[in-house]
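Peer 1: Pasting a structure below so you can have a look.
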Amino acid sequence: MEISSVPITSCSKEHQKIFQEWFRFADSDSDGRITGGDAIKFFGMSNLNRQDLKQVWAVADSKRQGYLGFNEFVAAMQLVSLAQAGHDITHGLQNSNVDLEGLKPPVMEGLDALLSAKKKHTHKSNENEVNGTAVVQQSSSALWFSSKSAKKVPLSSVTSIVDGLKRLYVQKLKPLEVTYKFNDFVSPLLANSDFDAKPMVMLLGQYSTGKTTFIKHLLKSSYPGAHIGPEPTTDRFVVVMSGPDERSVPGNTIAVQADMPFSGLTTFGTAFLSKFECSQMPHSLLEHITFVDTPGVLSGEKQRTQRAYDFTGVTSWFAAKCDLILLLFDPHKLDVSDEFKRVISSLHGHDDKIRVVLNKADQIDTQQLMRVYGALMWSLGKVLNTPEVMRVYIGSFNDKPVNEAATGPVGKELFEKEQEDLLADLKDIPKKACDRRINEFVKRARAAKIHAYIISHLKKEMPAILGKAKAQQRLIDNLEDEFKKVQREHHLPPGDFPDVDHFRDILSGYSIDNFEKLKPKMIDAVDEMLGYDIPELLKNFRNPYDQ
Numbered sequence: 001m002e003i004s005s006v007p008i009t010s011c012s013k014e015h016q017k018i019f020q021e022w023f024r025f026a027d028s029d030s031d032g033r034i035t036g037g038d039a040i041k042f043f044g045m046s047n048l049n050r051q052d053l054k055q056v057w058a059v060a061d062s063k064r065q066g067y068l069g070f071n072e073f074v075a076a077m078q079l080v081s082l083a084q085a086g087h088d089i090t091h092g093l094q095n096s097n098v099d100l101e102g103l104k105p106p107v108m109e110g111l112d113a114l115l116s117a118k119k120k121h122t123h124k125s126n127e128n129e130v131n132g133t134a135v136v137q138q139s140s141s142a143l144w145f146s147s148k149s150a151k152k153v154p155l156s157s158v159t160s161i162v163d164g165l166k167r168l169y170v171q172k173l174k175p176l177e178v179t180y181k182f183n184d185f186v187s188p189l190l191a192n193s194d195f196d197a198k199p200m201v202m203l204l205g206q207y208s209t210g211k212t213t214f215i216k217h218l219l220k221s222s223y224p225g226a227h228i229g230p231e232p233t234t235d236r237f238v239v240v241m242s243g244p245d246e247r248s249v250p251g252n253t254i255a256v257q258a259d260m261p262f263s264g265l266t267t268f269g270t271a272f273l274s275k276f277e278c279s280q281m282p283h284s285l286l287e288h289i290t291f292v293d294t295p296g297v298l299s300g301e302k303q304r305t306q307r308a309y310d311f312t313g314v315t316s317w318f319a320a321k322c323d324l325i326l327l328l329f330d331p332h333k334l335d336v337s338d339e340f341k342r343v344i345s346s347l348h349g350h351d352d353k354i355r356v357v358l359n360k361a362d363q364i365d366t367q368q369l370m371r372v373y374g375a376l377m378w379s380l381g382k383v384l385n386t387p388e389v390m391r392v393y394i395g396s397f398n399d400k401p402v403n404e405a406a407t408g409p410v411g412k413e414l415f416e417k418e419q420e421d422l423l424a425d426l427k428d429i430p431k432k433a434c435d436r437r438i439n440e441f442v443k444r445a446r447a448a449k450i451h452a453y454i455i456s457h458l459k460k461e462m463p464a465i466l467g468k469a470k471a472q473q474r475l476i477d478n479l480e481d482e483f484k485k486v487q488r489e490h491h492l493p494p495g496d497f498p499d500v501d502h503f504r505d506i507l508s509g510y511s512i513d514n515f516e517k518l519k520p521k522m523i524d525a526v527d528e529m530l531g532y533d534i535p536e537l538l539k540n541f542r543n544p545y546d547q
């Protein structure tokens, strides 16, 4: 499976060198990013009309990051060349039969004179170049999470949407989370790596439904630590991601690496981390997407054997981080076990990410498939409390040809179309990653606000001197009623409140008297962030050629 982007290898080394020089010239603040303002000045030398340049930016910045890195800049320059040659700029143009390597750099009027003038004024060039490739400087935003420097950084000075979200988190949302212990009750505090992580896809299902085979099918190769068999072979959570070489990294090691977005998993303890590993390998698909392979959900007698860690909690943690969740079913394993039901329930709030895959569908004939599909929808209807019909992809996602003896020619055609639809869904993930990150950030901010209201309300209900122990027990026992009081007082949607039983379990380990009272200034700061700062950030990093 190929993700739509223009690889640097589709550009000759000679042209790459030219584009590196142009990139350094266009990058006004030398941060390794071409912002909208930089692009308007530089792209204007191509003499293309505004509509063409708008389309060039839209295709080059397909991930909607709000800036162009060196790879995206090369893509933009190639698109400008194609536009100057009379081609219509479309998203599919780069993947067509156009010879990108033989494509000449675009004609940029007056650029040579500007480059010559710059060289004369520069005594010694500080070239950011290693082995013929441009080096993107590390963003200073990485320092914001460990210092007070972020408080001095105005929103107007950030150079991407993600950097803007980092700055808003450190300045406005994180203080609220720390004050009201949001990290203990709901979700660990975010780190720099959480914002910079690649989009993730998690696969869930009972054992032997083809989760590992599905990943191998997409990668067209095996990966370190992959085991396949009819028995429950994957006994651990395996994150399959891009790396310089093929290797498996133990969970305890990966959870403490600052550049990896898995530090929050340390809260599940060593019992879980010993069942967690990271599988790294160089692969073009993994440069855009990270896959999470999970242990088979237990069914029947096996589910009585308790796991040594909170399986449902871990699944819920990954669900919050993932961009897509695939629930895999086998035609011969349609029953939803108690553990699987708990797992699906833990995905509450992430319904928009869930896709259902009926795998190995070529093992049965068309009539049986029709019955199996109906039975699957009935089973899911009992577990997923939603009136909408869940999207189900039917197919056989492995490297073997479709079993036409069972499915017939109609079944084969159906499977091929379904596979194309699912692959199109996966291809869209990198393009939607930035939008998804904003969406998750806003959801987190609203959850943190509600949490602050709950904690401060419980504190307010505590007596000043006597009877604190009894008052705390009464509040814990009547927590559902307290939630309703908070909901009515602040006019909050009841569906946004946390699970009462889960909240009660954590609350019982704290002394409510030690909680903080409501701090209106912190709430106002988050409201300002949601109402003004985020819309302004998105406005600043939209397509620079939008009217």
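What the sequence shown shows, in the numbering used here, is residues 1 to 547, in sequence order.
Ideal Cβ placement from N, Cα and C applies to all residues, glycine included.
These numbers come from a predicted model, not from an experiment.
Beta carbon of P247, beta carbon of P224: below 8 Å?
Peer 2: The amino acid at residue 247 is misidentified as Pro; the sequence shows Arg. Cβ distance < 8 Å, so R247 and P224 count as in contact.
Peer 1: So who's on the other strand from I325, going by DSSP bridges?
Peer 2: Paired residue(s): M202 and I354.
Peer 1: Here's a check: name, in chain order, each residue in its chain whose Cβ is nearer than 6 Å to the Cβ of C11, leaving out the five neighbours to either side.
Peer 2: Only V74 meet the Cβ criterion.
Peer 1: For P544, which residues from the same chain have a beta carbon less than 6 Å from its beta carbon, with the 5 sequence-adjacent residues on both sides left out?
Peer 2: The answer, listed in chain order, is G36, A39 and I40.
Peer 1: For M202 and I325, I'd like the C-alpha separation in whole angstroms.
Peer 2: So the two alpha carbons sit approximately 5 Å from each other.
Peer 1: According to DSSP, is R236 helix, strand or coil?
Peer 2: Coil, per DSSP.
Peer 1: How about G44: is its Cβ closer than 7 Å to a heavy atom in the ligand COA?
Peer 2: Absence of the ligand COA from the depicted structure is noted, as is the absence of any ligand whatsoever, leaving it without description.
Peer 1: Looking at the unbroken alpha helix (DSSP H) that takes in V293, where does it start and where does it end?
Peer 2: Contrary to the premise, residue 293 reads as Asp rather than Val in this sequence. Unbroken run through D293 is the beta strand (DSSP E), T290 to D293; no alpha helix (DSSP H).
Peer 1: In whole angstroms, what is the alpha-carbon distance linking P535 and D365?
Peer 2: Between P535 and D365, the C-alpha separation is close to 52 Å.
Peer 1: Cutting at 7 Å between CB atoms, please list the residues of its own chain near S274, excluding the five before and the five after it.
Peer 2: The residues are G251.
Peer 1: Using CA coordinates, which residue listed in V292, F237, T253 and L369 is at the minimum distance from F311?
Peer 2: It is F237 whose Cα lies nearest to the Cα of F311.
Peer 1: Cβ atoms of V357 and L380: under 8 Å apart, would you say?
Peer 2: The answer is no: Cβ separation not under 8 Å.
Peer 1: Can you check which of these residues, D501, F272 and E489, is closest to L479 by C-alpha distance?
Peer 2: If we check each option's Cα against that of L479, D501 comes out closest.
Peer 1: Comparing C-alpha positions only, which one of A469, D335 and F441 sits nearest to A191?
Peer 2: Looking at the Cα atoms, F441 is the closest of the given residues.
Peer 1: So what's S379 in DSSP terms, helix, strand or just coil?
Peer 2: Of the three classes helix, strand and coil, the one that applies to S379 here is helix, per DSSP.
Peer 1: Since A255 and S263 should fall inside the 8 Å C-beta cutoff, what is the C-beta to C-beta distance between them, to a whole number of angstroms?
Peer 2: That pair is a contact at about 6 Å.
Peer 1: Where do the N-terminal and C-terminal ends of the beta strand (DSSP E) with Q280 fall, by residue?
Peer 2: Q280 -> beta strand (DSSP E) spans F276 to M281.
Peer 1: Would you mind stating whether L518 and S456 have Cβ atoms separated by less than 8 Å?
Peer 2: It is a contact, given that the beta carbons lie within the stated cut-off.
Peer 1: Can you check DSSP and say which residues form a bridge with R247?
Peer 2: Paired residues: Q280.
Peer 1: Report the partner residues of D330 according to the DSSP bridge assignment.
Peer 2: Bridge partners of D330: K333.
Peer 1: Where does Y393 sit, in a helix, a strand or coil, going by DSSP?
Peer 2: DSSP places Y393 in strand when its eight states are reduced to three.
Peer 1: Which residues share a DSSP beta bridge with V297?
Peer 2: Bridge partners of V297: Q206.
Peer 1: For F47, is the classification buried or exposed, using 16 other Cβ atoms within 10 angstroms of its Cβ as the cut-off for buried?
Peer 2: With the sequence shown as reference, residue 47 is identified as Asn, and Phe is not the correct amino acid for it. With fewer than 16 Cβ atoms within 10 Å of its Cβ, N47 is classed as exposed.
Peer 1: Output the distance between the C-alpha atoms of F42 and L458, rounded to the nearest integer angstrom.
Peer 2: Taking the straight line joining both Cα atoms gives about 57 Å.
Peer 1: Taking the CB atoms as reference points, tell me whether V372 and L334 lie closer together than 8 Å.
Peer 2: Taking 8 Å as the Cβ cut-off, V372 and L334 qualify as a contacting pair.
Peer 1: Please go through the stretch 433-511 and give each complete alpha helix (DSSP H) segment of 4 or more residues, from N-terminal end onward.
Peer 2: Fully enclosed alpha helix (DSSP H) runs of 4 or longer: 468-477, 479-490 and 500-507.
Peer 1: Assuming Q16 is part of the alpha helix (DSSP H), what are its boundary residues?
Peer 2: Taken as a continuous stretch (DSSP letters only), the alpha helix (DSSP H) holding Q16 covers K13 to A26.
Peer 1: Please report the distance separating the alpha-carbon of H348 from that of I523.
Peer 2: For H348 and I523, the distance between alpha carbons rounds to 26 Å.
Peer 1: Under the three-state reduction of DSSP, which class applies to A134: helix, strand or coil?
Peer 2: Any reading at A134 is ruled out, since the residue's pLDDT is 43, under 50, leaving its predicted position unreliable.
Peer 1: So what's I40 in DSSP terms, helix, strand or just coil?
Peer 2: Note: I40 maps to helix in three-state DSSP.
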